[in-house]
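Each remark here refers to the structure printed beneath this line.
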Amino acid sequence: MHKKLFIPGPVEVRPDVLAKMATPMIGHRSKDASELQRKISDKMRKLFYTDEAILLSTSSGTGLMEGAVRSCTLKRAAIFSIGAFGNRWFEIAESNNVPADLFPVEWGTATTPALVNEVLATGKYDLITITHNETSTGLMNPVEDIAEVMKKYPDVVYCLDAVSSAGGTKIEVDKLGVDICITSTQKALGLPPGMAICSFSQKAIDKAGRVLHRGSYLDLLSIYDYIIKKDYQYPSTPSLSHMFALDYQLDRIMEEGLDNRFERHMEMAEQVRSWAREHFALFAEERYLSNTLTTISNTRGIDVGALNKELGARGYQISNGYGKMKDKTFRIAHMADCTLDEIKDLLGNIDDILGIL
Ligand SMILES: *Cc1c(COP(=O)(O)O)cnc(C)c1O
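Residue numbering for the sequence shown follows this note's numbering, beginning at 7 and increasing consecutively.
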């Protein structure tokens with residue numbers, strides 16, 4: 007039996023979107039390929055509220071995280087971490103020999119504008135990474151407030167990991183001053199895993215032009231240059247199957263309307279939060295709760311594995327805690343094309359099972 011996924015990626019993909027993955031192939035050097043990639047970029051600009059360039063990468067989001075830090079750090083990167091995915095960015099920098107410092111906070115709390123200001127005031131850094139939506143802790147960073155601070159540092163390249171939030175909540179890339187905003191297909195966009203997308207600002211382009219060793223496959227500047235020269239084509243063969251599905255899904259997202267989509271995510275989030283407050287507790291700081299997934303503190307000490315097994319028998323799957331929080335928390339994703347009714351149905355089943363367990 008197929009289990010309906012309420013995990014923070016991969017998410018449940020609608021059958022019509024899945025079917026688009028089976029579109030017959032076209033040549034990747036054809037006019038049709040250019041046209042397909044141009045259309046996707048135009049729609050992604052709307053979704054990201056940006057006028058800057060869009061890059062598609064046949065990799066998961068981690069690929070573009072690597073590409074961003076390696077391609078655009080000339081001096082030193084300041085990595086702000088609020089959980090597992092912030093830490094991943096630091097590991098990426100270190101393994102690429104990119105000079106970097108890690109600025110972690112206690113899990114469940116946010117990166118504050120004051121911390122960003124304090125770190126950048128040293129003048130040591132020319133790139134920062136911020137996690138928009140930390141999928142381990144269920145916390146959404148205050149990017150509007152961080153944007154205010156970033157106005158004081160116009161030369162610093164601002165990279166934002168929006169992998170688990172883009173498409174589920176509003177991220178106004180240009181207004182926030184973000185230079186490289188990164189997402190993956192398998193989260194709030196509602197597609198299968200295998201492709202990543204980012205915005206790439208003129209500031210980032212100029213910076214990359216001064217970086218000597220940007221790698222190869224994930225060199226964001228060489229991808230950008232190729233798109234410009236070859237009319238939206240890519241240096242190597244991209245996953246055209248994902249492109250067909252992404253193009254189609256972006257139309258569906260625009261049909262729903264971005265604001266409606268974000269509103270639906272809020273309603274689902276509210277539903278899960280109030281359920282969690284009643285039965286358990288929320289892991290992240292109240293004022294920074296994520297709109298796309300909820301991390302719940304396992305205050306009742308339930309056997310999360312047993313719960314998920316029972317849920318599985320009924321056709322649902324939720325997620326245990328991330329890494330070190332495996333049994334201390336569990337996570338319910340409410341993103342992509344999931345509906346409020348599906349969330350209510352899931353929570354009803356959990357209530358029922360908890361009565362049994
Ligand atoms: C899933 C996730 C990633 C990793 O993305 P992949 O597409 O799996 O490489 C990075 N950051 C966050 C916040 C995520 O949720």
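The beta-carbon is built from N, C-alpha and C at its ideal position, and this holds for glycine as well.
Select from the options the residue whose C-alpha is nearest the C-alpha of residue i.
i: G311; options: D358, N297, N326, H138; result: N326
i: A319; options: P160, Y230, I359, E178; result: I359
i: E269; options: I186, T243, H340; result: H340
i: K37; options: D343, E72, Y238; result: Y238
i: C78; options: G15, D231, I88, V162; result: V162
i: K209; options: I88, I85, D57, A39; result: D57
i: L299; options: K9, G15, H8; result: G15
i: K193; options: G67, T345, L224; result: G67
i: S171; options: N314, T137, E292, D107; result: T137
i: D351; options: Q277, G307, E284; result: Q277
i: M7; options: M331, I349, G361, K315; result: K315
i: S245; options: I13, K9, A28, D22; result: A28
i: S190; options: G215, N139, D212, P160; result: N139
i: K9; options: D357, E348, I362, G361; result: E348
i: D357; options: L252, G89, S242, F286; result: F286
i: G33; options: P148, L313, Y240, G307; result: Y240
i: K158; options: G307, N123, I188; result: N123
i: K330; options: D22, R220, S142, A39; result: S142
i: E284; options: R293, K45, L353, L42; result: L353
i: Q43; options: L313, R220, E72, F250; result: F250
i: D333; options: T345, K213, G307; result: G307
Can you name, in chain order, every residue of its own chain whose Cβ lies under 7 Å from the Cβ of residue i, other than the five neighbours on each side?
i: F336; result: I302, N304, V310, I324, S325, N326, G327
i: V19; result: G196, L197, P198
i: I234; result: none
i: F96; result: I85, S87, A106, L108
i: R267; result: I259
i: K45; result: D253
i: S40; result: D237, Y238, Q239
Sorted by chain position, which residues of the same chain lie with C-beta nearer than 6 Å to residue i's C-beta, five sequence neighbours on each side aside?
i: I177; result: A168
i: K81; result: D132
i: G69; result: S63, A202, L224
i: C165; result: A74, T135, I186
i: L256; result: K49
i: K130; result: R82
i: V111; result: I88
Helix, strand or coil for residue i per DSSP?
i: F336; result: strand
i: K10; result: strand
i: Q239; result: coil
i: S87; result: strand
i: E58; result: coil
i: C165; result: strand
i: M146; result: strand
i: F286; result: coil
i: C78; result: helix
i: Y294; result: helix
i: Y322; result: strand
i: D357; result: helix
i: D132; result: coil
i: T300; result: strand
i: I308; result: coil
i: T189; result: strand
i: L346; result: helix
i: E140; result: strand
i: P374; result: Residue 374 lies beyond the stretch modelled for the chain, which goes from 7 to 363, so this question has no answer here.
i: T117; result: coil
i: P110; result: strand
i: I32; result: coil
i: S170; result: coil
i: A194; result: coil
i: S280; result: helix
i: S205; result: strand
i: T175; result: strand
Going along the chain, which residues of its own chain have a beta-carbon closer than 8 Å to the beta-carbon of residue i, five neighbours each way excluded?
i: L295; result: G144, L145, M146, A275, R279, L288
i: L11; result: V17, E18, Q323, A339
i: F2; result: Outside the shown range of the chain, which is 7 to 363, sits residue 2, and nothing can be said about it.
i: N355; result: L317, R320, Y322
i: G215; result: L227
i: L264; result: K52, L53, K176
Would you grab the beta carbon distance between residue i and residue j for me? Rounded to a whole angstrom, and I think it's under 8 Å.
i: G114; j: A290; result: 5 Å
i: H248; j: G200; result: 5 Å
i: F86; j: F109; result: 5 Å
i: A153; j: L121; result: No, A153 and L121 are not in contact; Cβ-Cβ is about 14 Å, not under 8 Å.
i: P105; j: D151; result: Not confirmed; about 27 Å, so no contact.
i: A84; j: I134; result: 5 Å
i: K52; j: M260; result: 7 Å
i: D180; j: Y55; result: 6 Å
i: R76; j: N93; result: About 17 Å; that fails the 8 Å criterion.
i: A116; j: P148; result: 6 Å
i: I188; j: M71; result: 6 Å
Which residues, in chain order, sit with a beta-carbon under 7 Å away from any heavy atom of ligand 1? Ordered along the chain, the selected set is P14, G15, S66, G67, T68, G69, M71, F91, R94, T137, N139, E140, T141, D167, V169, S170, S190, Q192, K193, P199, A202.
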